[in-house]
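Last residue of the sequence shown: number 525 in my numbering, and the count goes up by one each step with no gaps.
Beta carbons: idealized from backbone N, C-alpha and C, even for Gly.
Since we're looking at a predicted model, the values are computed, not measured.
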Amino acid sequence: MCRTGGVPDPAETGDEASTDAAFTALLEDSAEDLYESAPCGYLSTMMDGTIAKINNTLLDWLGLDHEAVAGRKRFADLLTIGGKLYHETHFAPLLRMQGELRGIALDMRRKEGGPLPVLVSAVIKHGSEGEPLLIRITVFDASDRRSYEKELLRRREEAERARAEADEARRQAEADRARLADALAVLQRSLVPDSLPAVPGLESAVHYHTASPDQLGGDFYDLFPVAGNRWAFFLGDVCGKGPEAASLTSLTRYTLRAAAHHDPDPASALTTLNAVLHERYTGDGNPRYCTCIFGIVEPGGEHGPTTVRLASGGHPPALVLRADGRAEFLPTPGGLLIGVLPSAPIGTAETVLAPGDTVVLYTDGLTEARTGPGRDDLYGEDALHAFATDHAPASPHEVITALTGLLESFGDGLDDDTALLALGVPAAPSPIAPSTSHTS
86 MCRTGGVPDP AETGDEASTD AAFTALLEDS AEDLYESAPC GYLSTMMDGT IAKINNTLLD
146 WLGLDHEAVA GRKRFADLLT IGGKLYHETH FAPLLRMQGE LRGIALDMRR KEGGPLPVLV
206 SAVIKHGSEG EPLLIRITVF DASDRRSYEK ELLRRREEAE RARAEADEAR RQAEADRARL
266 ADALAVLQRS LVPDSLPAVP GLESAVHYHT ASPDQLGGDF YDLFPVAGNR WAFFLGDVCG
326 KGPEAASLTS LTRYTLRAAA HHDPDPASAL TTLNAVLHER YTGDGNPRYC TCIFGIVEPG
386 GEHGPTTVRL ASGGHPPALV LRADGRAEFL PTPGGLLIGV LPSAPIGTAE TVLAPGDTVV
446 LYTDGLTEAR TGPGRDDLYG EDALHAFATD HAPASPHEVI TALTGLLESF GDGLDDDTAL
506 LALGVPAAPS PIAPSTSHTS
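Shown next as structure tokens:
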């Protein structure tokens, strides 16, 4: 910009003078100096590879003298053993075939130090009649690029190694989880009977759903003979999960078995269990408890009715599907959780099963299954009663099969263990009806 009156600005005048001087210096630079001092290596060779001309830049990189190279060495002599092998097998044949090559990665030998990684481009100069005369080669120092590539390769190898280690750790974790699940499944089966015994004059069926294969469940059940023609059965749910719940389940099951053989009265058996649990767990400040329904069934066979007496400690009421198509609960009001108080009230109920009647015991995993679009609602006893009414009458096997399908329909809304036990009188008399069992 000029001042008023056309007088040049001093600063602008200085900048223009500096630019003009630099431009003039470039114009005065000789072609030979441009060749010898270029930022890349230049050399020309005969068709057999003998070096005819080489610039100072490349000589400096390699630590060689012009007299020791020009007319004495071939281009391949400047390469490492690996580079020379690649030149003979790939570079030279492709150059003769195509007439030019661009950006070929090679390693050149330096007089001192390690190999020099370079990128080489070459072109064959032809005469007026098309005959090949010489080869012109351009060499670029690729040390920084090679270091960058090596760093990328190292990082890639590290990433692949880390991924492989992560995959192996994941496979190991999956294998460990599978072994744990197998071990827990074996232990879980030890806490409940593998199958139910055959009861003369009765049919029986059972189903056990484990919410998580990684944890021991707390639901339990059993069916076994006691004095006379009577059979004891029970079903319940201990508090918690895992090893502590398994320990409580084991103690509960064997206590009830022992109590039933001593006194088969249902209320008496639960009273004994309550005393044992309260004494065992309350004293150390870590109370443990369970809900349980205990029953005694006396099959009548052909000589009389089948009677069922029940006692409950805080457990959901039993459900009876009648042969005439009705479904009804057997309330056991007043029963309290087993093990909470030194002396817990026990609720009792009694019913008679006619041919075709089935009594069903279940844990609260069934009625507390979450339903609805947002999984915000509980299935509840009303829905269970309606479901039972729709399926009555039904044999123990039929009702357990129907309830198993119901549990599967809950999907991820079923997040608690669930045990089902059904006993029924055959519609057609059977001296010994087989038992069935389902597990999931």
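Item: Cβ contact check for the segment 458 to 473 and the segment 421 to 434: 3 or more pairs under 8 Å; Value: no
Item: Supposed close pair ASP322, THR376 - CB separation, criterion 8 Å; Value: 5 Å
Item: Pick from ALA507, ALA454, MET132 that is closest to GLU216, judged by C-alpha positions; Value: MET132
Item: With 16 other Cβ atoms within 10 Å as the buried cut-off, status of GLU288; Value: buried
Item: Within 8 Å, strictly: CB atoms of GLY441 and VAL382; Value: no
Item: Boundaries of the alpha helix (DSSP H) in which VAL484 is found, first to last residue; Value: 481 to 494
Item: Candidates ARG338, SER297, ASP304, GLY303: closest to ALA317 by CA position; Value: ARG338
Item: Neighbourhood of LEU421 by C-beta, 7 Å cutoff - its chain only, sequence neighbours within 5 removed; Value: GLY398, GLY399, ALA429, PRO430
Item: Through-space distance from LEU404 to PRO285, alpha-carbon basis; Value: 22 Å
Item: Limits of the alpha helix (DSSP H) - the one that TYR171 falls within; Value: 166 to 171
Item: Contacts around GLY90, its chain only, beta-carbon distance under 7 Å, and the 5 residues preceding and following it disregarded; Value: Because GLY90 carries a pLDDT of 48, less than 50, the predicted location of this residue cannot be relied on, and the following value inherits that uncertainty. Closer than 7 Å at Cβ, skipping near neighbours: no residue.
Item: SER213, buried or exposed, once every other Cβ within 10 Å from all chains shown has been counted against 16; Value: exposed
Item: VAL203 burial status per 10 Å Cβ neighbour count (16 or more: buried); Value: buried
Item: Cα-Cα separation, ALA290 to ALA507; Value: 5 Å
Item: Distance CB(LYS210)-CB(ARG194) smaller than 8 Å; Value: no
Item: C-alpha gap between GLU387 and ASP461, whole angstroms; Value: 49 Å
Item: Which listed residue (ASP100, ALA161, GLY199, GLY167) has its alpha carbon closest to that of GLY148; Value: GLY199
Item: Assigned exposure category for ASP105 - 16 Cβ within 10 Å defines buried; Value: exposed
Item: Extent of the continuous alpha helix (DSSP H) run through SER206; Value: Counting along the chain, SER206 falls outside any alpha helix (DSSP H), though it belongs to the beta strand (DSSP E) covering 201 to 211.
Item: Rounded straight-line distance, which links the Cα of HIS172 to that of LEU164; Value: 9 Å
Item: Strand pairing of TRP316, partner residues [DSSP]; Value: PRO310, VAL382
Item: Cβ-Cβ distance between LEU143 and VAL208 below 8 Å; Value: no
Item: Alpha-carbon to alpha-carbon, PRO390 and ASP449; Value: 30 Å
Item: Cα-Cα separation, PRO372 to SER332; Value: 13 Å
Item: Reduced DSSP category for SER289 - H, G, I as helix; E, B as strand; rest coil; Value: strand
Item: Proximity of PHE305 and THR340 at Cβ, strictly below 8 Å; Value: no
Item: LEU395 vs LEU415 beta-carbon contact at 8 Å; Value: yes
Item: Range covered by the alpha helix (DSSP H) that runs through TYR447; Value: Element bounds for TYR447: not the alpha helix (DSSP H) but the beta strand (DSSP E), 443 to 447.
Item: 7 Å Cβ shell around ALA408 - same chain, five flanking residues per side excluded; Value: ALA439, PRO440, GLY441, ASP442, PRO478, ALA512
Item: Distance between TYR447 and GLN481 (C-alpha atoms, nearest Å); Value: The residue asked about is misnamed: residue 481 is Pro in this sequence, not Gln. Their backbone Cα atoms lie some 13 Å apart in a straight line.
Item: CB of LEU276 within 8 Å of CB of LEU308, strictly; Value: no
Item: Span of the beta strand (DSSP E), counted from its first residue to its last, around GLU413; Value: 412 to 415
Item: Straight-line Cα distance separating ARG262 from ARG256; Value: 10 Å
Item: Other residues of its chain near GLY126: CB distance less than 6 Å, five sequence neighbours each side excluded; Value: THR142, LEU143, VAL224
Item: Contacting residues, own chain, Cβ-Cβ under 6 Å from LEU505 (five flanking each side not counted); Value: HIS292, TYR447, ILE485, LEU488
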